[in-house]
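Residue numbers (this note's numbering): 842 to 1093.
Every residue gets a Cβ at the ideal spot worked out from N, C-alpha and C, and that includes glycine.
Small disclaimer: the values here were computed from a predicted structure and weren't measured.
See the structure below:
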């Protein structure tokens, strides 16, 4: 429970910072950042193997016509855990808060016939024994992809952070993150180390595979029960920061 409260506080701080950046320094009202979805939609998720354990929390279709008279239509969809427990409601509230601005901005863009803020917003929901893993994916108009991960134990009704998930899977924390670090190094090398790589390659590599950065990754289970991680890679190209999905090799 303590780790979950820390997660909630971290998300609230991020949301408050984003509100200050995007709204002329006006902080969002705290009561708006932690809504509880006491009765989620009863519509089953169409991107899920979790059955009715996960439902569509919100789904909206937006469209706009560009200057070339071409119409673009996009569906924004976020999940909700279909459990009446305190931590399920908290997770649903956090998800709602994280993406409410995207929905609001899209509504304004549609009304004024401007480009939508996100090219896509959708999710997958995977059920493996007791563990439900939610992976939410958003992609902006520059094709930069961002992920959010939530793991929930449907039997205990508890949110599962990285430590709790590894304990459930009976995997050693240090060994797992050492394996993840090796996978991240290999992936980074294959993408960014070339004959004339930038002078700050090793600096960016350390920012990517340093212990703090690696342990900030978010673990989850895919549809086959395999352990994956959302990791952040940093490089002197494009926006300078990218999120990737990497499989973690385990002995199980």
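- Counting along the chain, no alpha helix (DSSP H) covers residue 963; the unbroken beta strand (DSSP E) around it starts and ends at 959-969.
- The three-state reading of DSSP puts residue 898 in strand, counting E and B together.
- Fewer than three beta-carbon pairs drawn from the segment 1021-1029 and the segment 936-956 are found closer than 8 Å, and the two stretches are therefore not classed as touching.
- Here residue 956 carries a coil assignment [DSSP, helix/strand/coil].
- Per DSSP, the beta bridge partners of residue 994 are 972, 999.
- With a cutoff of 9 Å on beta-carbon distance, residue 960 and residue 936 are scored as not near each other.
- Taken through DSSP and simplified to helix, strand or coil, residue 1083 comes out as strand.
- DSSP places residue 1025 in the helix class (H, G or I) of the three-state scheme.
- When beta bridges are read from the DSSP output, residue 905 appears opposite 913.
- Of the candidates 1040, 1022, 1064, the residue whose Cα lies closest to the Cα of residue 1049 is 1022.
- Pairing residue 976 with residue 1070, the inter-Cα distance amounts to about 10 Å.
- DSSP places residue 1012 outside both helix and strand once states are collapsed to three, so it counts as coil.
- Taking each of 908, 979, 1004 in turn and checking the Cα distance to residue 965, the smallest one comes out for 979.
- Sorting 915, 1011, 1002, 1016 by C-alpha distance to the C-alpha of residue 904 places 915 at the top.
- The beta carbons of residue 954 and residue 906 sit about 6 Å from each other, so the pair counts as a contact at 8 Å.
- For residue 1047, the enclosing alpha helix (DSSP H) has its first and last residue at 1042-1050.
- Ranking 1057, 1024, 902 by CA distance to the CA of residue 951 puts 902 first.
- For residue 926, no beta strand (DSSP E) encloses it, and the DSSP letter there is neither H nor E.
- Exposed is the label assigned to residue 910, since fewer than 16 other Cβ atoms lie within 10 Å of its Cβ.
- Residue state for residue 1064 is assigned as coil, using DSSP reduced to three classes.
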